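These notes are about the structure you will find just below.
Residue numbers (our numbering): 3 to 410.
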């Protein structure tokens with residue numbers, strides 16, 4: 003399938019995912035806000051701000067990145083299958099994807115240093131490099147075994163300490179509410195861009211070369227491999243053939259994900275009273291959110307696939323065709339739009355820039371994020387109408403394919 007004759011579901015999911023990412027990234031830009039024991043979402047503001055914080059914890063935080071991992075793996079396998087279907091040898095196709103992964107690491111670290119410490123491009127560049135080497139050409143049985151091994155590792159590494167503390171009656175003391183707030187690693191409160199860049203580079207190096215390997219060891223690669231399997235079965239290209247699976251995944255995944263985040267959300271707004279350590283970034287409630295976030299990410303993918311199937315079967319007279327096409331256009335240019343978020347966020351919100359982040363609350367920041375996403379939607383749709391790729395995608399293709407990029 004050509005670059006501009008693609009199935010709707012994968013691109014629509016990526017477009018919606020980028021809205022989730024830009025909203026999730028708002029918390030660390032509120033660098034002057036008062037933080038609670040979780041160290042991430044602010045605790046001050048109006049009742050509307052608290053409603054936004056509650057929604058973020060329930061629906062987005064630790065839930066969008068599993069969605070990204072699945073789609074990243076899905077897209078990687080799509081590219082591999084497209085190359086081999088065009089006659090490229092499997093080894094050469096895998097080599098091409100390794101080259102892509104290496105360039106993603108370079109792009110990610112550059113992005114982290116210049117603008118956004120929490121970059122995920124380099125992180126997934128490392129994951130795709132390792133998992134591509136290990137699994138791109140492996141059979142279904144191997145993928146299935148390693149997915150279950152990943153589930154076991156995740157249960158042991160993430161849930162194990164929580165279960166042990168629960169059995170010992172020390173669940174409330176698991177974690178450290180006095181640890182430095184996580185948003186500090188993004189240096190959005192630093193007035194010197196150069197000093198902030200140093201902190202961002204340090205954070206970016208940790209995320210890319212420490213957090214990514216730890217994710218592999220801890221079983222966090224399972225969403226990636228599930229993406230591999232789903233791409234081989236064309237689940238998102240042909241959602242009509244997989245409706246039962248998608249419905250079950252959407253209902254169960256979203257329900258598990260939201261219920262798993264509910265205690266943390268209630269504790270954050272003061273409805274549920276638990277020890278501060280329990281709410282911290284290393285506490286039991288965060289571990290519960292982390293584990294169940296994987297289910298939510300899969301549920302979101304399935305829900306978007308069902309939406310795409312419903313949309314494409316409505317016939318030629320479909321209302322909102324422009325809006326759907328525009329959001330899918332963002333998905334086709336996800337790398338460009340993701341980088342554009344930082345270009346529109348950091349210089350305006352950070353202390354080293356205009357410093358607007360000090361004057362916004364959770365609600366107004368969410369509205370600002372929505373506006374940023376809509377700007378990228380408009381830009382992507384304009385490129386779609388002109389038949390052009392995103393600038394970052396064009397550069398990456400040139401780096402991957404060299405002079406034949408236009409024909410690849």
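Idealized CB from N, CA, C, for every residue including glycine. These numbers come from a predicted model, not from an experiment.
CB of residue i within 8 Å of CB of residue j, strictly
i: residue 17; j: residue 333; result: yes
i: residue 31; j: residue 351; result: yes
i: residue 282; j: residue 39; result: yes
i: residue 128; j: residue 210; result: yes
i: residue 198; j: residue 258; result: no
i: residue 81; j: residue 329; result: no
i: residue 12; j: residue 238; result: yes
i: residue 47; j: residue 364; result: yes
i: residue 301; j: residue 252; result: yes
i: residue 183; j: residue 205; result: no
i: residue 458; j: residue 371; result: Shown here, the chain extends from 3 to 410; a query on residue 458 therefore has no answer.
i: residue 201; j: residue 189; result: yes
i: residue 37; j: residue 92; result: no
Spatially closest choice to residue i from the options, by CA coordinates
i: residue 78; options: 20, 227 and 250; result: 227
i: residue 294; options: 81, 255, 279 and 373; result: 255
i: residue 393; options: 347, 342 and 371; result: 342
i: residue 96; options: 55, 221 and 134; result: 134
i: residue 413; options: 386, 105 and 160; result: Past the boundaries of the shown model lies residue 413; the chain is included only from 3 to 410, so the question cannot be answered.
i: residue 195; options: 217, 357 and 93; result: 357
i: residue 398; options: 178, 104 and 291; result: 104
i: residue 56; options: 316, 274 and 213; result: 274
i: residue 348; options: 217, 191 and 381; result: 191
Same chain only: Cβ atoms within 6 Å of residue i, ignoring 5 sequence neighbours per side
i: residue 74; result: 126
i: residue 215; result: none
i: residue 109; result: 123
i: residue 3; result: Its pLDDT being 39, under 50, residue 3 is placed unreliably in this model, and the value from its coordinates should be taken loosely. Taken in chain order, the list of residues that qualify is empty.
i: residue 175; result: 279
i: residue 5; result: With a pLDDT of 38 at residue 5, under the threshold of 50, the predicted position of this residue should be treated as unreliable, and no value is reported.
i: residue 41; result: 183, 184 and 283
i: residue 203; result: 115
i: residue 23; result: 66
Alpha-carbon spacing of residue i relative to residue j, whole angstroms
i: residue 119; j: residue 289; result: 23 Å
i: residue 1; j: residue 383; result: As displayed, the chain neither begins before 3 nor continues past 410, which places residue 1 out of reach and without an answer.
i: residue 344; j: residue 170; result: 44 Å
i: residue 50; j: residue 137; result: 46 Å
i: residue 220; j: residue 261; result: 23 Å
i: residue 240; j: residue 9; result: 8 Å
i: residue 367; j: residue 346; result: 13 Å
i: residue 131; j: residue 141; result: 18 Å
i: residue 278; j: residue 33; result: 21 Å
i: residue 70; j: residue 299; result: 8 Å
i: residue 172; j: residue 67; result: 30 Å
i: residue 360; j: residue 111; result: 26 Å
i: residue 389; j: residue 326; result: 17 Å
i: residue 312; j: residue 185; result: 40 Å
i: residue 28; j: residue 159; result: 29 Å
i: residue 144; j: residue 242; result: 27 Å
i: residue 287; j: residue 263; result: 8 Å
i: residue 403; j: residue 107; result: 17 Å
i: residue 391; j: residue 181; result: 43 Å
i: residue 179; j: residue 236; result: 44 Å
i: residue 148; j: residue 207; result: 27 Å
i: residue 314; j: residue 381; result: 24 Å
i: residue 54; j: residue 373; result: 16 Å
i: residue 94; j: residue 121; result: 29 Å
i: residue 401; j: residue 157; result: 39 Å
i: residue 52; j: residue 316; result: 39 Å
i: residue 362; j: residue 369; result: 10 Å
Nonlocal neighbours in the same chain, by C-beta distance under 7 Å from residue i, ignoring five residues either side
i: residue 193; result: 353 and 354
i: residue 7; result: Since pLDDT at residue 7 reaches only 47, below the 50 mark, its modelled position is unreliable, and no value is offered.
i: residue 396; result: none
i: residue 72; result: 225, 228, 229, 299, 300 and 303
i: residue 35; result: 44 and 46
i: residue 292; result: 64 and 160
i: residue 223; result: 129, 133, 152 and 217
i: residue 59; result: 43, 263, 266, 267 and 270
i: residue 76; result: 12, 229, 232, 233 and 238
i: residue 168; result: none
Neighbourhood of residue i by C-beta distance below 8 Å, restricted to the same chain and skipping five residues each side
i: residue 83; result: 233 and 234
i: residue 20; result: 332, 333, 336, 339, 340, 343, 375 and 378
Closer than 8 Å to chain C by CB, residue i
i: residue 135; result: Reference to chain C is not applicable here, since this structure consists of a single protein chain.
message: Counting beta carbon pairs with one atom in the stretch 243 to 260 and one in the stretch 143 to 162, are three or more of them shorter than 8 Å?
response: no
- prompt: Should the stretch 79 to 89 be regarded as contacting the stretch 108 to 125, the criterion being three or more beta carbon pairs within less than 8 Å?
  reply: no
query: Given 8 Å as the limit, is there contact between the stretch 248 to 259 and the stretch 291 to 310, that is, 3 or more CB pairs closer than that?
result: yes
Cβ contact check for the stretch 93 to 102 and the stretch 51 to 67: 3 or more pairs under 8 Å: no
message: Whether or not the stretch 255 to 270 and the stretch 161 to 169 are in contact is what I'm after, with contact meaning three or more pairs of Cβ atoms, one per stretch, closer than 8 Å; do they touch?
response: no
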